[in-house]
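Right, one structure below, let's go through it.
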Amino acid sequence: MSTTRRHQAITAIAAVQTSPTLTRLAELTRDSSNRLAAVQPLIPPMLRGSLQAGPIEGDSWCLLVKNNAAAAKVRQLLPAMAAHLRTKGWNVASIRLKVQN
1 MSTTRRHQAI TAIAAVQTSP TLTRLAELTR DSSNRLAAVQ PLIPPMLRGS
51 LQAGPIEGDS WCLLVKNNAA AAKVRQLLPA MAAHLRTKGW NVASIRLKVQ
101 N
């Protein structure tokens, strides 16, 4: 006698809600996006489109940058951005940049 397994599709939201790992990943993604939104006023308008929220690892946050030229300009803003995030309650010791290719 063979047993037939049925695989039922579930929504991404249901998967996140039932998996502690996915729940934590969703929280980190939301936190990273909130950090980027909090520092937007410090970023010149012409550079805002070059940045994406990246991973959080402990007290280090990563920003994804489209190119080296934008990274060079954003690098000058990192101390002010980290200080601003700390005043808003985030535990940010450092912000790293990763240039996407």
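The sequence shown stops at residue 101 when you use full-length UniProt numbering, and every number in between is there. The beta carbon of each residue, even a glycine, is placed where N, CA and C say it ideally should be. Bear in mind the structure is a predicted one, so any value in this text is a computation, not a measurement.
Ignore the nearest five residues each way along the sequence and tell me which others in residue i's own chain have a CB closer than 7 Å to its CB.
{"i": "residue 35", "result": "53, 61, 85 and 90"}
{"i": "residue 39", "result": "81, 84 and 85"}
Taking the C-alpha atoms as reference points, what is the distance between residue i and residue j?
{"i": "residue 74", "j": "residue 24", "result": "28 Å"}
{"i": "residue 71", "j": "residue 8", "result": "44 Å"}
{"i": "residue 79", "j": "residue 88", "result": "14 Å"}
{"i": "residue 41", "j": "residue 47", "result": "11 Å"}
{"i": "residue 65", "j": "residue 21", "result": "27 Å"}
Could you give the residue range of the alpha helix (DSSP H) that holds residue i?
{"i": "residue 45", "result": "45-48"}
{"i": "residue 26", "result": "20-39"}
Leaving out five residues before and five after residue i in sequence, what residues of the same chain have Cβ atoms less than 8 Å from its Cβ?
{"i": "residue 59", "result": "91, 92, 93 and 94"}
First and last residue of the beta strand (DSSP E) that includes residue i?
{"i": "residue 65", "result": "60-65"}
{"i": "residue 74", "result": "From DSSP, residue 74 is part of no beta strand (DSSP E) but of the alpha helix (DSSP H) over 68-75."}
So is residue i buried or exposed if we call it buried at 16+ other beta carbons inside 10 Å?
{"i": "residue 33", "result": "exposed"}
Go through its chain and collect everything with a Cβ distance to residue i's Cβ below 6 Å, but skip five positions before and after it.
{"i": "residue 55", "result": "62"}
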